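Number 350 marks the last residue of the sequence shown (the numbering used here); no jumps.
We treat Cβ as the ideally placed atom computed from N, Cα and C, and that holds for glycine.
Fair warning: this is a prediction, and the values are worked out from it, not measured in the lab.
Working notes, structure below.
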Amino acid sequence: MLWVIARRESLTLFQTGLLWLLLAACALILGWVFLTVLDPFVGVDSDRLETLSINALNLRLVRELFGAASVLVLLIAPLLASRLLSSEWRDGRYALLAAAPLRPLDILLGKWLALALVLLALCALPGCLCLALALLGAPVDLGLCLSATLGLWLLGLLFAAVGLFAASLSAQPGAATVIAYGLLILLSVINRTDTAGMQALELFDWLSWGQHLFWFLIGAVRLSDLGYFVLLSAGFLALAERRLANRPYQ
């Protein structure tokens, strides 16, 4: 039943014009960033590029391209989450879904998996640009691009969990989106405080998603960073599940 819900919700998203409009806008933005990164390397002969600029090309390409994609994911994930959950609360459709022999956790995980599939399409865009460049004969480090794609998708899963938690707090999609943006901005800048003690700073550094995405962007897949995304995603999903379980269906 979990996969049935995920399939239904993902098809619902892919059948709406909003998602395709967002994907098209993301493709245009990432394409512009991609061309901007490549511009300084145009016209450099292959021998000089091989000896001086291969590492610089790969690191800058991944940093700029996937960094821009992470901002796009931050903007899009709460919008899609509020569409899947808050809109159902507002329109009364969630009451029909909750009347079925399903646990709130099943409904929530189904929607989260649907968001995971949709965000995978977005996270694959920068990787496809890198692959296209590699097929044209450029010295692109595909392993580095794969690591960055994995980190970006895990980040998208975390943002989707935060978006669903925010959507469980309000039946108004606009309010839920604002709450999600507030939480995500907090997780973005929480490590930039200068007034806390050393132990608090270490905790704030750990809570900041940018500190963990960085390692994926340099090709290092660490268990600690994987654990961060898994733990925080599970935590926000657990909070959303408690909210759904304690909320009336009306």
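Are there 16 or more other CB atoms within 10 angstroms of the CB of residue i, so buried, or fewer, so exposed?
i, result
"C230", "buried"
"D139", "exposed"
"N346", "exposed"
"A125", "exposed"
"S170", "buried"
"A261", "buried"
"T116", "exposed"
Which residue marks the beginning of the alpha helix (DSSP H) containing residue i, and which one marks its end?
i, result
"P226", "P204 to L235"
"G131", "G117 to L138"
"V240", "Careful: V240 lies outside any alpha helix (DSSP H) and carries neither H nor E."
"S308", "No alpha helix (DSSP H) holds S308; DSSP gives it neither H nor E."
"I105", "L102 to F114"
"L326", "L323 to N346"
Against chain E, does residue i count as a neighbour if the rule is that its beta carbon must be under 9 angstroms from one of theirs?
i, result
"A276", "The chain labelled as chain E is not found in the depicted structure, where only one protein chain is given."
Can you list, in chain order, the residues of its chain with a C-beta nearer than 6 angstroms to that of residue i? Leave out the 5 residues immediately preceding and following it.
i, result
"L339", "F265"
In chain order, what residues of the same chain have a beta carbon less than 8 angstroms from the beta carbon of residue i, not counting five sequence neighbours either side?
i, result
"L102", "D206, L209, G210 and L213"
"R163", "L317"
"I129", "A168 and L172"
Which residues in the same chain as residue i place their Cβ atom closer than 7 angstroms to its Cβ, once the five residues preceding and following it in sequence are excluded?
i, result
"L174", "F259 and L284"
Query raised in the report: Taking the runs of the alpha helix (DSSP H) that are 4 residues or longer, which of them lie wholly in the stretch 257-292?
Result: 273-289
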